[in-house]
Amino acid sequence: MKLYAVVGSGNCRKVQATISSLGLDVDIEYLDFFAGDLTEPKYLALNPNGRVPTLSDGDFILWESNAIMQYLADKVPGNTLFPQDSQTRADINRWQCWELAHFNNVLAMIAYQTVLKVQLLKQEANQPIVEYATESLHEFARVLEGHLLNRNYMVGNGVTLADYAIINIEGFKDMIPFDWSGYPRLNAYFDRMRTDAHWASTAPESPEALGHKPSAV
Ligand SMILES: N[C@@H](CCC(=O)N[C@@H](CS)C(=O)NCC(=O)O)C(=O)O
Numbered sequence: 001m002k003l004y005a006v007v008g009s010g011n012c013r014k015v016q017a018t019i020s021s022l023g024l025d026v027d028i029e030y031l032d033f034f035a036g037d038l039t040e041p042k043y044l045a046l047n048p049n050g051r052v053p054t055l056s057d058g059d060f061i062l063w064e065s066n067a068i069m070q071y072l073a074d075k076v077p078g079n080t081l082f083p084q085d086s087q088t089r090a091d092i093n094r095w096q097c098w099e100l101a102h103f104n105n106v107l108a109m110i111a112y113q114t115v116l117k118v119q120l121l122k123q124e125a126n127q128p129i130v131e132y133a134t135e136s137l138h139e140f141a142r143v144l145e146g147h148l149l150n151r152n153y154m155v156g157n158g159v160t161l162a163d164y165a166i167i168n169i170e171g172f173k174d175m176i177p178f179d180w181s182g183y184p185r186l187n188a189y190f191d192r193m194r195t196d197a198h199w200a201s202t203a204p205e206s207p208e209a210l211g212h213k214p215s216a217v
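Its first residue numbered 1, the sequence shown is counted upward by one per residue in the working numbering.
Set out below in C-alpha cells:
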C-alpha cells in the first residue's frame, strides 16, 4: 500500500498515526504542496480534489482521511483503534463525522485565515470569516468540553481513531487567536494526546518543513 501525503498536514498526520499504531507496512510518498504536486494531472487522476491524503491498495484508490483510517484499521484483526463491536464503531464514526463537519472545519478556517494566509501567502485574514468561525468554534468546543467530563479519550478507555481524528490540527490549536481558557478539559485532552508516541512521530521536523518534500525521503 502507498499513502500520498504532505508533511505536517493534519489530515495526513491522523492517517500516519493510525498506520504507526497498527504497525502496518505502508509506503509514504510525500508530495510538495509548494511545488504544485497536488495539481499535477498524474495526482489529480488519483484524487480529483487535489488534496491529501490518498491511499492506494493495488488498484483500489481511497481518499478522505477518515475513510482511509477505517479501511486500514479493518486490515488488522483484533485492533483496539476501531474494534468490531457495532456500537463502539458507530460512536467512533460519529466523532469522526463531527470533527470533519464541525469542530475541525471551523478550527481549520481560523488557522487558514489567521496563520497560513498571513504568514505564507502574505495576505490579510478575512475578518467576517474569522468572526463566524470563532463563534462556531466556541459552540463546538463547549460540546467537546462537556464530553470530556470524567473521560480521557473520546470513546472508551483508550486511544481510538476518534482521538487521532479530533486532534488532527493540534499543531495550529495554540497559534490561532482563540481564547481556549474556558475549556480546561479540552486543553488537558489535547496536551495528553500530544504525548501519544504514534501521534508525536508524525510531527514535522520544523515549521519550515511544512508542505515541503522531505529531502531525506
Ligand atoms: N476531507 C478531506 C480534506 C483533505 C484536505 O483538505 N487536505 C489538505 C491538507 S490537510 C489539502 O490537501 N490541502 C491542499 C489544498 O487545499 O490545496 C480529508 O479528510 O481527507
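Virtual Cβ for every residue (Gly too), placed ideally from N, Cα, C.
Where do the ends of the alpha helix (DSSP H) carrying residue 190 lie? For the purposes of this step, residue 190 is taken as the residue at position 190 of the sequence shown. Note, residue 190: alpha helix (DSSP H), 184 to 194.
Give a single yes or no on whether residue 10 has its beta carbon closer than 6 Å to a heavy atom of ligand 1. Sequence index remark: in the sequence shown, residue 10 carries index 10 (1-based). Yes, since a heavy atom of ligand 1 falls inside the 6 Å radius drawn around the Cβ of residue 10.
Does DSSP put residue 37 in a helix, a strand or coil? For the purposes of this step, residue 37 is taken as residue 37 along the sequence shown, with counting starting at 1. Three-state result, residue 37: helix.
In the structure shown, what three-state DSSP assignment does residue 56 receive? Against the sequence shown, residue 56 aligns to sequence position 56. In this structure, residue 56 counts as strand in the three-state DSSP scheme.
Distance, Cα to Cα, residue 217 vs residue 93? Position 217 of the sequence shown, counted from the first residue, corresponds to residue 217. Position 93 of the sequence shown, counted from the first residue, corresponds to residue 93. Caution applies to residue 217, whose pLDDT of 47 falls short of 50 and renders its modelled position unreliable; the value that the coordinates give is listed next. Taking the straight line joining both Cα atoms gives about 33 Å.
With three or more beta-carbon pairs closer than 8 Å as the criterion, would you say the segment 117 to 137 touches the segment 155 to 168? no
Exposed or buried, which one is residue 21 when buried takes at least 16 other CB atoms within 10 Å? Position 21 of the sequence shown, counting from 1, holds the residue named residue 21. By the 10 Å Cβ count, residue 21 comes out buried.
Would you list the one or two residues that DSSP bridges to residue 2? Numbered from its first residue, the sequence shown carries residue 2 at position 2. Paired residues: 27, 56.
Under 7 Å, do residue 54 and residue 47 count as touching if we go by C-beta distance? For this step, residue 54 is matched to residue 54 along the sequence shown. For this step, residue 47 is matched to residue 47 along the sequence shown. In contact: residue 54 and residue 47 (Cβ atoms closer than 7 Å).
Nearest-angstrom Cα separation, counted from residue 19 out to residue 184: Position 184 of the sequence shown holds residue 184. Position 19 of the sequence shown holds residue 19. If I take the Cα positions, the gap works out to 30 Å.
Endpoints, alpha helix (DSSP H) assigned at residue 208: The count along the sequence shown starts at 1 and reaches residue 208 at position 208. First-last for residue 208: undefined, no H or E at that position.
Report yes if the C-beta of residue 40 is less than 6 Å from at least one heavy atom of ligand 1; otherwise report no. Residue numbering aside, residue 40 sits at position 40 when the sequence shown is read from its first letter. No.
Assumed close pair residue 7, residue 209 - CB separation to whole angstroms, cut-off 8 Å: By 1-based counting over the sequence shown, the position of residue 7 is 7. By 1-based counting over the sequence shown, the position of residue 209 is 209. Indeed they touch by this definition, with Cβ atoms about 5 Å apart.
Taking one C-beta from the segment 83 to 93 and one from the segment 20 to 36 each time, how about it: are there three or more such pairs within less than 8 Å? no
Taking the C-alpha atoms as reference points, what is the distance between residue 27 and residue 50? In the sequence shown, residue 27 corresponds to position 27, counting from 1. In the sequence shown, residue 50 corresponds to position 50, counting from 1. C-alpha separation (whole angstroms): 20 Å.
In the DSSP assignment, find the alpha helix (DSSP H) that holds residue 128 and state where it starts and stops. Taking the sequence shown and counting its residues from 1, one reaches residue 128 at position 128. Element bounds for residue 128: 127 to 147.
Have a look at residue 212 and residue 206 and give me their C-alpha separation to the nearest angstrom. Taking the first residue of the sequence shown as position 1, residue 212 is located at position 212. Taking the first residue of the sequence shown as position 1, residue 206 is located at position 206. Approximately 11 Å between the Cα atoms of the pair.
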